[in-house]
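The structure appears below as structure tokens.
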């Protein structure tokens with residue numbers, strides 16, 4: 035499962051634009067996920083999830099770093115994300131459906147911060163890229 | 004999905020007063036067809052849907068998007084009885100249109116993204132939470148009469 039050239043170009047261009055702010059947006063996406071989809075909080079009993087929590091910001095940065103890693107390895111996501119797959123699928127045992135909720139909240143976040151850039155085709159490219167990331171984190175992905 | 008609180012209902016109504024139903028409806032339906040291309044299966048008679056640009060400019064898409072969101076707007080006046088309000092539409096989508104209810108959930112989420120894009124700063128996590136409950140409730144109401 036490989037992302038088409040046009041989608042890759044769109045995602046890379048966006049990532050360049052986001053620069054060092056990826057963590058800001060992934061943190062906001064996490065906060066929105068916890069608020070709009072409270073069942074996701076069941077995976078974070080060890081974190082302080084109150085608004086503005088430093089632990090959520092820290093986790094947001096981890097998610098940002100992982101997505102940036104993914105953007106840099108669009109040719110082989112399963113390989114690049116193998117350690118994260120091991121962690122999420124086998125150790126944390128996260129129901130893969132939950133990743134879709136975070137992805138949705140990330141799209142909401144990016145749409146509100148970059149309304150002019152967030153064209154239908156960018157939304158499509160991002161959705162495909164993030165679906166590939168989710169697949170690469172799934173337990174049955176080799 | 005949680006029940007809508009009184010504050011959430013007020014917040015939804017307040018934002019909705021600023022929504023241009025024609026514009027937002029057209030954009031939401033267009034984006035659904037672009038981002039989830041299999042949904043085009045219900046709209047083969049709409050003409051050119053070959054590129055993102057063609058979809059977003061398509062007159063049938065805009066017109067149908069407006070219709071869908073106008074219906075959604077009607078629902079907002081009856082938040083305590085969505086199942087009753089959408090009963091006939093539910094039967095229509097099942098018996099005549101044969102639409103998989105999963106598509107209502109997809110459209111609901113696309114609508115949330117479009118609202119976020121248009122309302123930016125105003126579209127707080129609290130407001131998003133209210134809208135997520137709403138779109139889930141509307142999707143369930145539309146699926147309710149399926150058999």
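Chains as they are written, first to last, in the numbering used here: chain A, 35 to 176; chain B, 4 to 150. Just so it is clear, CB atoms sit at the ideal spot from N, CA and C, and this is done for glycine as well.
Element boundaries [alpha helix (DSSP H), containing residue 41/B]: Along the second chain, read from residue 1 onward, the residue named residue 41/B stands at position 38. From DSSP, residue 41/B is part of no alpha helix (DSSP H); its letter is neither H nor E.
Residues of its chain near residue 96/B, where Cβ-Cβ distance is below 7 Å and the 5 sequence neighbours each way are ignored: The sequence position of residue 96/B within the second chain is 93, counting from 1. Cβ within range, chain order: 102, 145.
Proximity of residue 146/A and residue 14/B at Cβ, strictly below 8 Å: Start at 1 with the first residue of the first chain, and residue 146/A comes out as number 112. Start at 1 with the first residue of the second chain, and residue 14/B comes out as number 11. With contacts defined by Cβ atoms closer than 8 Å, residue 146/A and residue 14/B do not form a contacting pair.
Straight-line gap, residue 4/A to residue 55/B (C-alpha atoms, nearest Å): As displayed, chain A neither begins before 35 nor continues past 176, which places residue 4/A out of reach and without an answer.
Terminal residues of the alpha helix (DSSP H) in which residue 59/A lies: By one-based count along the first chain, residue 59/A stands at place 25. That run of the alpha helix (DSSP H) goes 56-70.
Proximal residues to residue 108/B (C-beta, below 8 Å), its chain only, five neighbours per side dropped: Along the second chain, read from residue 1 onward, the residue named residue 108/B stands at position 105. Closer than 8 Å at the Cβ level, and outside the excluded window around residue 108/B, lie 138, 139, 142.
Residues near residue 24/B in its chain [Cβ-Cβ closer than 7 Å; skip 5 each side]: The residue labelled residue 24/B in the question sits at position 21 within the second chain. Hits under 7 Å: 69, 72, 73, 76.
Below-8 Å beta-carbon distance, residue 120/B vs any chain A residue: The sequence position of residue 120/B within the second chain is 117, counting from 1. Taking Cβ atoms only, chain A reaches closer than 8 Å to residue 120/B, which makes this a yes.
Within 8 Å, strictly: CB atoms of residue 49/B and residue 63/B: Along the second chain, one-based indexing puts residue 49/B at 46. Along the second chain, one-based indexing puts residue 63/B at 60. Yes, Cβ-Cβ distance for residue 49/B and residue 63/B is below 8 Å.
Reduced DSSP secondary structure (H/G/I, E/B, other) of residue 22/B: In the second chain, counting from the first residue as 1, residue 22/B sits at position 19. Here residue 22/B sits in coil by DSSP.
Neighbour-count burial assignment, residue 167/A, 16 or more Cβ in a 10 Å radius: Here residue 167/A is taken as the residue at index 133 of the first chain, counted from 1. Residue 167/A comes out buried.
Contact between the stretch 151-164 of chain A and the stretch 72-89 of chain A (3+ Cβ pairs under 8 Å): No: the two stretches stay apart, fewer than three of their Cβ pairs being nearer than 8 Å.
Extent of the continuous alpha helix (DSSP H) to which residue 132/B belongs: For this step, residue 132/B is matched to residue 129 along the second chain. Taken as a continuous stretch (DSSP letters only), the alpha helix (DSSP H) holding residue 132/B covers 128-146.
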